[in-house]
Every structure is written in structure tokens, then in C-alpha cells.
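Data block below; observations after.
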Amino acid sequence: MNYLGYIALIAVIYLTVFLTAWLTGLRSLLGVQVDLLPALVVYCALSAGLAPLSVVAILGGLWFDSLSANPLGTSILPLFLIGFAMHRSRELILREERYAQFLLGAGASALAPIVALLLLFATGHKPLMGWGSVWQWLWMGLFGGTCTPLFFWLFERLNAAFNYQPLSEPSFRP
122 MNYLGYIALI AVIYLTVFLT AWLTGLRSLL GVQVDLLPAL VVYCALSAGL APLSVVAILG
182 GLWFDSLSAN PLGTSILPLF LIGFAMHRSR ELILREERYA QFLLGAGASA LAPIVALLLL
242 FATGHKPLMG WGSVWQWLWM GLFGGTCTPL FFWLFERLNA AFNYQPLSEP SFRP
């Protein structure tokens, strides 16, 4: 990934965290605050290296925690662990298929709050939980799975716009 790719990635991370905090339609309609960072982590784990994955986990986690009730740094470890697990087995994953992107995004979006919740319990915090948390957890997984193919589409377009496309060689010699 070149420097333009990193600039685009940081801009998308910032916009993702901003839109997560700014869009309150789902929060008022369904009572769910969605998190789009696990979907972005899935893209980076399958299509980029460990450096972009670390950038998403660290910057996205810090920015997300600064706008939420989480202690600062709580979201970094779940995002990185999920991304690292996917990155290690990315040769075995059908990353070009939309249904695989949906399932991986839904799984990551459902697993990230559970790992963050375990971290909160391990550090002595007592987060509010109830049966409504299951409702929120299901919707977060569904929404994250829906947004994951959109991140793949967006970065395919950005790569086509900012990178040179290889020329096809003619089949005859001059």
C-alpha cells in the first residue's frame, strides 16, 4: 500500500467513526448504536497487510473510544485480534465473494463487542447489560455484515482511481 492508500484509509477510518457517532437514526429507531470498524477491519485483514490492519485497529479504536463510554483503548485489542485471525488465514477465505464478505463482516461485528465486554469485565468495569443487549448485538452483526461488501466496493473504486492499471499485452509481435 502506498502513501495515497494510507491517506485514503485514514480518511475512511475517520469518516467511519464520525458517521457511527453522527447517524442517530438506527439508535432512535431500533435502540442500536452500530459499529462499522469491524467491517473495515475485515477489509484490511483480507486485502492489505498487517500495517494497514494495525492502523485501523489503533486509530479507529482510539477515535471510537473517545466518542463512546468505553475507557480509552478498549476497542483496539478486539479489532486487532479479529483482524489478525482473519489475516493469518486469508489464503483460505473467499474474499472476492459477496456472501463471504457478508458472513465475515457479520461475524466480526458480532465478535468485537463480546471481546470488548470481556475486556471490560477483566479490568473491573461493570457495563450495563440486559436482554436488550442481545437485540443490539444481533442488529450490530447484521448491519456490520451488510456494510462489509460496501467497504470492499469502495476500496476497489479508490484503487482503480489512484493506482496505475496494468496494460494488457497484445497477442502479436510488431
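Residue 295 is where the sequence shown ends in the working numbering, and the numbering goes up by one at each step.
Ideal Cβ placement from N, Cα and C applies to all residues, glycine included.
If you're wondering where the values come from, they're calculated on a predicted model, not measured in any experiment.
Excluding five sequence neighbours on each side, which residues of the same chain lie with their C-beta closer than 6 Å to the C-beta of residue i?
i           : result
residue 226 : 160, 163, 265, 266, 269
residue 202 : none
residue 219 : 270
residue 222 : 269, 270, 273
Reducing DSSP to helix, strand and coil, say where residue i ends up.
i           : result
residue 285 : coil
residue 253 : helix
residue 280 : helix
residue 261 : helix
residue 248 : coil
Using a Cβ-Cβ cut-off of 7 Å (strictly less than) and excluding sequence neighbours within five positions of residue i, which residues of its own chain qualify?
i           : result
residue 154 : 148
residue 188 : 138, 142
residue 165 : 173, 174, 177, 204
From the options, pick the residue whose C-alpha is nearest to that of residue i; which is it?
i           : options            : result
residue 134 : 145, 179, 167, 256 : 179
residue 182 : 195, 247, 174      : 195
residue 215 : 291, 158, 287, 168 : 168
residue 208 : 229, 191, 124, 254 : 229
Short of 8 Å in beta carbon distance, which residues of its chain neighbour residue i, apart from the five on each side in sequence? Order them along the chain.
i           : result
residue 260 : 147, 151, 153, 155
Please give the ranges of any alpha helix (DSSP H) in the stretch 128-214, keeping only runs that are unbroken, at least 4 residues long and fully inside the region. 146-151, 158-168, 171-176, 182-187, 197-209
My parser needs the alpha helix (DSSP H) runs of 4 or more residues fully inside the stretch 219-245; what are they? 219-243
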